[in-house]
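Note sheet for the following structure.
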Amino acid sequence: MISQIAKKEMLEMRRDGRFQVASAIVLGLLLVSLGIGWQQYVSVNRQHEMARAETREQWLSQGKKNPHSAAHYGVYAFKPKSPLSLVDRGADQYTGVAVWLEAHKQNEFKYKPARDANTLARFGDLTASSVLQLLVPLLIILMSFSSFAGERESGTLRLLLSMGIAREKLALGKALGVAGGLGMLLVPAALIGSAALVLASDSGSFVANLPRLGWMTASYLLYFAAFVGISLTVSALAKSARLALVCLLGFWIFNGLAAPRLFSDVSRTVHRTPSSFAFSQRMDGELKKGFDGEALKKKVMAQYGVTSMEALPVNFLGISLKAGEDHGNEVYDKLYSELWDTFEAQNRLQQQGGVVAPLMAMRSVSMGLSGTDFAQFRDFSVAAEKYRRVLNDAMNDDLKNSPKTEGPYMADEKLWSKVPEFAYVMPEVNVVLGQQAWSLGLLVLWALGATGMAGWAATRRLRAE
Amino acid sequence: MLQAIGLSKSYGAQTALDGLNLEVKPGEIFCLLGANGAGKTTTINLFLNFIEPTSGLAKINGLDVASDALETKKYIAYIPEQVSLYKNLTGLENLDYFATLASGAAVEKSRLVGYLREVDLPSGAEDRKVSTYSKGMRQKIVIAIAMAKQAKALLLDEPTSGLDPKASNEFSQLIRKLAGNGTAILMATHDLFRAKEDGSRVGIMRQGRLRQVLNTDEFGHADLERIYLEHMHD
Ligand SMILES: Nc1ncnc2c1ncn2[C@@H]1O[C@H](COP(=O)(O)OP(=O)(O)OP(=O)(O)O)[C@@H](O)[C@H]1O
Ligand SMILES: [Mg+2]
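Respectively, the protein sequence lines represent chains A and B. Going from the first sequence to the working numbering is simple: count from 1 and add 4. Going from the second sequence to the working numbering is simple: count from 1 and add 538.
Here it is in structure tokens:
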């Protein structure tokens with residue numbers, strides 16, 4: 005009986021020209037956005053791969069030079085793009101995906117597509133995630149706002165209810181009808197998307213990303229279920245189909261446009277970040293304070309039990325550079341973790357928005373699982389910074405222990421190859437799920453709450469007229 | 539089969555139905571007559587449990603419709619005043635859908651087509667979308683739905699309004715046949731002629747009150763019109 009109701013709903017949708025046009029548009033945009041995502045993913049990955057090989061090659065073949073110059077020569081580190089980033093580009097466009105690692109410098113992020121906009125970026129934010137998060141809910145609303153209200157208005161609801169059908173079955177049938185209609189659209193898109201994922205990733209990374217893909221699918225389904233539930237609830241309660249549509253569009257605008265704007269403004273007001281000018285000014289100020297060179301000399305002489313600098317068995321330059329680097333690191337660590345903690349506080353506050361707007365929860369989960377959220381950007385930056393220090397320490401250590409000769413000391417490939425290549429592994433899915441627990445929980449609550457509400461409204465509040 | 543006990547419905551100060559006592563036995567056709575706004579549709583809505591009574595009870599097969607909403611609907615079929623179907627589905631698809639929901643299981647196509655022949659829907663029309671139907675054709679589909687339900691009681695709200703004389707006559711024959719098989723029928727109508735022809739009894743309503751109940755074999759056509767008008771004028 006439930007399946008009969010669902011089938012009839014789908015049959016009506018299929019025969020409704022407006023629905024066909026709307027779903028064709030959404031499907032088209034979804035496929036185009038997946039195509040753009042795929043193109044970007046492949047091209048960025050290819051560039052990374054080439055640049056990675058090149059940067060390593062250049063590092064190894066930089067020839068004989070002083071280790072400190074080598075540290076200044078610098079290397080690039082690349083944030084690996086998860087294949088799922090073709091669904092959700094997240095914050096990558098703004099944070100960048102490559103970092104320049106050089107002595108004395110932290111967080112020189114490069115390749116921010118939002119800045120170096122190419123032709124495709126002109127499509128703005130057309131990503132599969134924005135289609136899924138904004139347009140699919142709109143389609144759900146268009147599919148279901150008249151579910152009950154429209155039947156009541158046309159009078160078929162009277163006939164339907166006189167058949168003696170249990171209302172919970174009616175509600176379930178209608179919900180499944182919407183789900184089926186949505187499935188006609190999303191299943192092909194999901195298959196094409198998965199095919200794109202397989203093509204975009206080597207077999208190993210595809211398998212490695214399956215848990216993320218599974219969780220992502222599940223969380224989008226929860227998000228859609230919430231919208232089906234909300235739409236059916238409003239349709240069952242509203243006096244007319246038109247009123248139901250107006251209410252639902254109001255919620256859609258709040259959820260998709262007003263709430264994100266509101267929470268982002270509020271979070272930036274509550275947790276202020278310094279302007280980049282103010283930040284670098286403060287950074288320069290702190291760095292200029294420097295460290296006490298004379299005190300260091302005394303300390304080192306005492307450590308080696310000598311009374312003059314000339315008598316030191318080691319190259320003081322290496323020690324002093326290391327001390328300078330340490331001091332810089334201290335300043336960087338302090339200022340950057342302050343800055344990043346502020347960003348994180350902003351993000352947390354925005355996630356609270358999921359309580360009133362499911363989009364806020366969905367967006368956070370989607371970026372998290374795509375590996376393009378702020379937390380994973382920070383994780384990558386920390387790893388890159390650690391690597392920079394390993395590299396610099398290796399250079400400074402070598403300099404410190406270098407023989408005291410007349411001319412400048414030169415190291416060669418033997419030293420360069422001692423520094424391992426930078427390798428970053430994305431956090432396990434469990435780590436992401438831990439970070440997203442709050443938002444995932446909210447999505448579950450939205451889905452359960454909204455579908456439960458729809459059941460309640462259809463069984464207890466649905467009037468024949 | 540159908541029973542109203544002191545059944546009343548008020549909308550604020552407006553009394554739509556005032557202490558209706560009525561019983562329709564199996565095999566009986568009871569016609570409710572009355573001016574617009576007399577309370578006929580209200581009575582039927584109360585039997586369908588679409589509205590709650592202000593006081594009193596509506597019973598179907600001995601069960602209170604308010605407490606056994608789902609069970610009591612199994613015994614009844616209903617033809618609404620405004621006949622509406624799913625426009626984008628064909629007549630046969632509409633019939634199939636409602637018949638399936640009513641019986642809880644799929645109904646064979648041949649049986650469904652049989653009902654459509656019985657209500658005299660032009661052959662070939664069943665595969666056209668309902669949006670291309672005339673009002674009478676839609677009505678015939680709804681009658682076929684009621685027949686497919688094989689209910690013990692029928693609630694009909696002006697079922698022949700808009701039907702051409704031939705169709706209206708055929709409809710009369712149909713419900714007489716159903717009554718002959720033991721179906722209890724409650725029909726609201728403005729058609730005095732049909733009420734006299736088909737009804738076992740007629741009830742004349744005004745302003746929510748059932749003013750008089752007559753056995754149709756105790757008077758002629760002209761008498762009914764006179765009695766009806768008398769009630770409307772005082
Ligand atoms: N939802 C409502 N709110 C307020 N008053 C109502 C409502 N429904 C019906 N009424 C009133 O109840 C009274 C009885 O209406 P009802 O529909 O039962 O009349 P009827 O006998 O079926 O008339 P008709 O021959 O025009 O179909 C009318 O006065 C009507 O205005
Ligand atoms: Mg009426």
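Beta carbons: idealized from backbone N, C-alpha and C, even for Gly.
CA-to-CA, the gap between residue 165 of chain A and residue 246 of chain A works out to about 22 Å. Annotated as distal: residue 343 of chain A and residue 290 of chain A, with beta-carbon spacing of 8 Å or more. Within the chosen limit of 7 Å, ligand 2 reaches the beta carbon of residue 726 of chain B through at least one heavy atom.
For residue 35 of chain A, the closest alpha carbon among the candidates A/131, A/368, A/181, A/150 is that of A/131. A straight line joining the alpha-carbon of residue 397 of chain A with that of residue 200 of chain A spans about 42 Å. Nearest Cα to residue 74 of chain A within the set A/158, A/194, A/418, A/269: A/418. Contact check for residue 639 of chain B against residue 16 of chain A fails: the beta carbons are separated by 8 Å or more.
Per DSSP, residue 18 of chain A has no beta-bridge partner at all. The Cβ atoms of residue 272 of chain A and residue 350 of chain A sit closer than 8 Å to each other. Residue environment for residue 56 of chain A: buried (at least 16 other C-beta atoms within 10 angstroms of its C-beta). Secondary structure of residue 202 of chain A (DSSP, three-state): helix. Using a 10 angstroms sphere on the CB of residue 295 of chain A, the tally of other CB atoms stays under 16, which defines it as exposed.
With contacts defined as CB atoms closer than 8 Å, residue 677 of chain B and residue 652 of chain B fail to qualify as a contacting pair. Along the segment 5 to 25 of chain A, going in chain order, the ones with a CB nearer than 8 Å to a CB of chain B are 5, 8, 9, 12, 15, 16, 19, 20. Between residue 614 of chain B and residue 558 of chain B, the beta carbon gap of about 17 Å keeps them out of contact (Cβ cut-off 8 Å). The beta-carbon of residue 574 of chain B is placed no less than 8 Å from the nearest beta-carbon of chain A. Around the beta-carbon of residue 422 of chain A, fewer than 16 other beta-carbon atoms lie within 10 Å, marking it exposed. For residue 468 of chain A, the neighbours in chain B by C-beta distance under 7 Å run, in chain order, 588.
Taking a Cβ-Cβ cut-off of 7 Å, the neighbours of residue 158 of chain A in chain B comprise 622, given in sequence order. The criterion of a C-beta distance shorter than 8 Å is satisfied by residue 182 of chain A and residue 147 of chain A. Ordered along the chain, residues surrounding ligand 1 are B/549, B/554, B/574, B/575, B/576, B/577, B/578, B/579, B/580 [Cβ under 5 Å from any heavy atom]. In this structure, the C-beta of residue 619 of chain B approaches ligand 2 to less than 7 Å from one of its heavy atoms.
With a contact defined as Cβ atoms closer than 8 Å, residue 72 of chain A and residue 395 of chain A miss out at about 12 Å. Residues of the segment 632 to 666 of chain B with a C-beta atom less than 7 Å from some C-beta of chain A are 635, 636, 638, 639, 640, 642, listed in chain order. Burial is judged here by how many other beta carbons sit within 10 angstroms of a residue's own beta carbon; residue 319 of chain A has at least 16 and is buried. Between residue 173 of chain A and residue 6 of chain A, the CB-CB gap stays under 8 Å. Annotation: the continuous alpha helix (DSSP H) that includes residue 437 of chain A extends over 433 to 439. Inter-segment contact for the segment 753 to 772 of chain B and the segment 596 to 609 of chain B is absent: fewer than three beta-carbon pairs are separated by less than 8 Å. Only those residues of the segment 162 to 186 of chain A whose C-beta falls short of 8 Å from the nearest C-beta of chain B are listed: 162, 163, 164, 165, 166, 167, 168, 169, 170. Here residue 216 of chain A is buried: its Cβ has 16 or more other Cβ atoms, across all protein chains shown, within 10 Å.
Interface residue (Cβ-Cβ distance to chain A less than 8 Å): residue 611 of chain B is classified as such.
One Cα belongs to residue 545 of chain B, the other to residue 555 of chain B, and the distance between them is close to 7 Å. At least one heavy atom of ligand 2 lies less than 7 Å from the C-beta of residue 695 of chain B. Residue 618 of chain B has a beta carbon lying within less than 8 Å of a beta carbon in chain A. Under the three-pair Cβ rule at 8 Å, the segment 568 to 578 of chain B does not count as touching the segment 445 to 453 of chain A.
According to the DSSP assignment, residue 734 of chain B belongs to the alpha helix (DSSP H) that extends over 730 to 736.
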